[in-house]
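**Q**
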Amino acid sequence: MIPRLLRARWAGAILLTFIACATVLLLPADSSASNATNPADWPQIGLTLVAQGIYNPSAIAYAPDGSGRLFIAATNGRIWFIRSNDSTPHQFVNINEQYQGRRLFGLAFSPNYASDGSFYVHYLDGPTSQVVVARYFVSPEDPDVANPSSHQEVLRVPQTAFLHSGGQLAFGPDGYLYIAVGDGDFDNDPENDAQNTGNMLGSILRIDVSQPPQTADRVSASLVGTLSTVAYLPLVGHSRGFTYNVPASNPFVGMPGRAPEIWAYGLRNPWRFSFDRLTGD
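Heads up: take any position in the sequence shown, counting from 1, add 4, and you land on our numbering.
Written as C-alpha cells, this is what we have:
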C-alpha cells in the first residue's frame with residue numbers, strides 16, 4: 005500500500021507528466037516533424053523555489069488586501085506567508101494551537117478581507133473524523149498574525165472513514181463560498197454517499213457567508229450525529245457559533261430530504277477546483 009503522504013507527491017508527478025504529454029499533443033498541426041521531436045522547440049516548463057521549510061503544504065492563497073503576501077497552508081494546521089521580496093516563511097496562525105488533530109486541507113480569504121479580516125479553512129477533525137469549515141480573523145493589532153481563538157465553526161460534515169475528505173474551498177465570482185467534500189468512505193464508496201443528495205458527502209457545496217443567517221423556511225439537511233441521522237435545523241446550516249445562508253438558486257433548495265447546500269454531487273474526492281477567469285464558470 006502506498007503511504008498517504010506519498011500519494012499526493014505521486015499525484016503531482018503524474019500531473020506534471022500529464023501536462024507534458026498534453027503539451028506534445030496540442031502542438032499545431034502544421035508543425036514540422038523536427039519541431040515535434042526536438043525538445044529545444046517545446047514550450048518550456050520550469051520550477052521556481054518560492055519557499056522552503058514548510059512541512060507538507062496543502063493549499064496556497066493570496067489575501068485580497070493589496071499586501072502581495074502568498075499564504076501557504078500545511079496539513080499540520082499551520083498557515084505561513086511569504087512576501088513578494090522575501091522567501092522566508094512567517095507563521096500566520098496554527099489552528100492546532102488550542103485543539104489537536106486537525107488536518108488542514110483548504111484556505112480561502114473573504115473577498116472583503118481588507119475590511120473584515122476574515123478567512124476560512126477546511127480541515128479534517130481527527131477526534132471526530134468529520135469535515136469542518138471554520139472562520140478565523142486576523143489580529144486587529146498585527147496584520148501578520150491571526151488569532152487562533154477566533155475560531156468560528158461554519159459547517160460540519162460527518163464521514164464514515166478517516167479519508168476522502170475533499171479539501172478545496174474558494175469564493176466564486178458570485179461571492180459565495182464553494183466547498184469540496186469527498187465521499188468520506190472506503191474504496192468504491194460502499195455506502196453510495198456521493199449519490200445520496202440527502203447528505204453533503206461527495207459534493208461541491210455552495211453557501212453564503214456574507215450576511216447574518218436568516219431564519220426563513222429554507223433549512224439545512226445537514227447531518228447531525230451519525231450518518232444515518234438527518235436533522236432539519238431551525239437555522240440555515242449546522243454551526244457552533246456561526247451559521248450561513250443557502251443561496252436560493254442552489255439546485256436542491258426547497259426539496260424535502262435533500263441537502264440544499266449541494267451545488268454538484270457524485271464526486272469521489274474533489275481535491276481541487278478552480279473558476280474560469282473569463283467566464284466565471
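A virtual CB, placed ideally from N, CA and C, is assigned to each residue, including glycine.
1) On a CA-only basis, which of Trp275, Ala118, Gly202, Ala63 is nearest Phe256? Give me that one, please.
2) Out of Ser122, Gln134, Asn89, which one is the CA nearest neighbour of Ser154?
3) Just verifying my parser: in three-state terms, what is the DSSP assignment at Thr41?
4) Between the beta-carbon of His168 and the beta-carbon of Asn273, is there less than 7 Å?
5) In angstroms with no decimal places, state the Cα-to-Cα distance between Gln163 and Leu53.
6) Can you name, in chain order, every residue of its own chain whose Cβ lies under 7 Å from the Cβ of Ile64, other than the five neighbours on each side?
7) Kindly indicate which three-state DSSP category Ala118 falls into: helix, strand or coil?
8) In angstroms, rounded to a whole number, what distance separates the CA positions of Ser207 and Asn42?
9) Pro144: buried (16+ other C-beta within 10 angstroms of its C-beta) or exposed?
10) Determine, using beta carbons only, whether Ala67 and Phe113 come nearer to each other than 7 Å.
11) Consider the Cβ of Tyr59: report whether some Cβ of chain D lies at a distance smaller than 7 Å.
12) Using the Cα positions of Ile266 and Ala44, report the straight-line distance between them to the nearest angstrom.
**A** In short:
1) Phe256 has its Cα closest to that of Gly202, out of Trp275, Ala118, Gly202, Ala63.
2) Per the C-alpha coordinates, the member of Ser122, Gln134, Asn89 positioned closest to Ser154 is Ser122.
3) Three-state result, Thr41: helix.
4) Their beta carbons are under 7 Å apart, which means His168 touches Asn273 by this criterion.
5) The straight-line gap from Cα to Cα measures roughly 36 Å.
6) In the same chain as Ile64, and ignoring 5 residues on each side of it, the C-beta atoms closer than 7 Å to its own belong to Leu74, Phe75, Ile76, in chain order.
7) Of the three classes helix, strand and coil, the one that applies to Ala118 here is helix, per DSSP.
8) Roughly 43 Å between the two C-alpha positions.
9) Exposed, because fewer than 16 other Cβ atoms sit within 10 Å of the Cβ of Pro144.
10) Yes, they are a contact pair.
11) The chain labelled as chain D is not found in the depicted structure, where only one protein chain is given.
12) Looking at the two C-alpha atoms, the distance is approximately 47 Å.
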